[in-house]
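Just below is one structure, and these are the notes that go with it.
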Amino acid sequence: MGGVTWGQPIGQDWTQLGELGLAFVLSVGIGLERELRNKSAGLRTHTIVGFGSALFMLVSKYGFTDVLRLGVSLDPSRMAAQIVSGIGFIGGGLIFVRRDAVRGLTTAAAVWLTSGVGCAAGAGLPVLAIAATAGYFVVVFAFAPLVARLPASARAPASLRVDYVVGRGTLGRIMESSTEMGFVVLSVSTDRFVEGASLRMTVRGQRRITDLAATLAEIEGVRSVGTVAESDA
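Given below as structure tokens:
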């Protein structure tokens, strides 16, 4: 592009295009992983978030050089702060609660990190942007089996309370789903009431109890699912 720009002496050269390109590639990588896992925010959302964050950072750095005069000062960090606030709204929209089960936290965090990666690339910090992306893949691919091998995760029993509608075969599907997810049901107790029944069961397995709670909450006839403290079980 040489020295020819569109009205600005700096900020529209190969360096800035390279920073935008790096943000695009890294964001695509994160988004592709979310897309392959069929998450609510996938390839397009993460790519746009990271790419857009880099663009905002570049605009913050170079977009106001024509108004810099004596007595005029700018704070480029203010736009970065606004990016963080704006991404918070997007992340909040990805988190939802259904029948006491919280879903979307990891995807919301991934969108937040992707924005940070884009900001780092746009700020001219390619090493940090690449390192943060690599760290993301370490977390999503290496931490899951690590958590499954932790002693508290593998051996400590956990208790759930499931409120459900009687007469629809719901209890059988609850037990079936629990065993299919690799949980061993250690104890079961039920209470009947006018609207339905309440099941308390203690389980042990290799996966997180929150994963089981989220799965059981999707069963037709289940009204609510919640964890039970040991003192209350």
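Take my numbering: the last position of the sequence shown gets the number 422, and nothing is skipped along the way.
In this text, a Cβ means the ideal position worked out from N, Cα and C, and glycines have one as well.
DSSP, reduced to helix, strand and coil, places serine 413 within a strand of the structure shown. Under the DSSP assignment, alanine 386 falls in the beta strand (DSSP E) whose first and last residues are 386-393. Taking alanine 321 as the centre and dropping the five residues before and after it, the same chain places the C-beta of Leu302, Gly305, Val306, Ala309 closer than 7 angstroms to its C-beta, in chain order. For valine 248, the CB contacts under 8 angstroms within the same chain, skipping 5 residues up- and downstream, are Met268 in chain order.
Less than 8 angstroms separates the beta-carbon of threonine 236 from that of glycine 220.
Cα atoms of valine 300 and valine 316: separation of roughly 20 angstroms, rounded to the nearest angstrom.
Between valine 355 and valine 377, the alpha-carbon positions lie close to 16 angstroms from each other. Measuring C-alpha to C-alpha distances from alanine 403 to each of Ser387, Val374, Ala386, Leu349 identifies Leu349 as the nearest. In the DSSP secondary-structure assignment, valine 374 is bridged to Val392. Our two residues, aspartate 380 and glycine 324, have alpha carbons roughly 47 angstroms apart in a direct line. Per DSSP, alanine 312 is not a residue of any alpha helix (DSSP H), being assigned neither H nor E. The DSSP-derived three-state label of arginine 350 is strand. With fewer than 16 neighbouring CB atoms inside 10 Å of its own CB, valine 373 falls in the exposed class. Shown here for aspartate 352: same chain residues with a beta carbon closer than 6 angstroms to its own, the five before and five after excluded, namely Ser387, Arg412, Ser413 in chain order. When secondary structure is reduced to three states using DSSP, arginine 381 falls in the strand class. For the pair valine 238 and isoleucine 279, the CB atoms are nearer than the 8 angstroms cut-off. Each residue's CA atom was taken as its position, placing valine 383 and alanine 406 some 21 angstroms apart. Close CB contacts of isoleucine 408 within its chain, under the 7 angstroms cut and outside five residues either way in sequence, are with Thr359, Arg362, Ile363, Ser366 (chain order). For isoleucine 408, the three-state secondary structure derived from DSSP is coil. Under the 10 Å beta carbon count, leucine 294 is surrounded by fewer than 16 other beta carbons and is classified as exposed.
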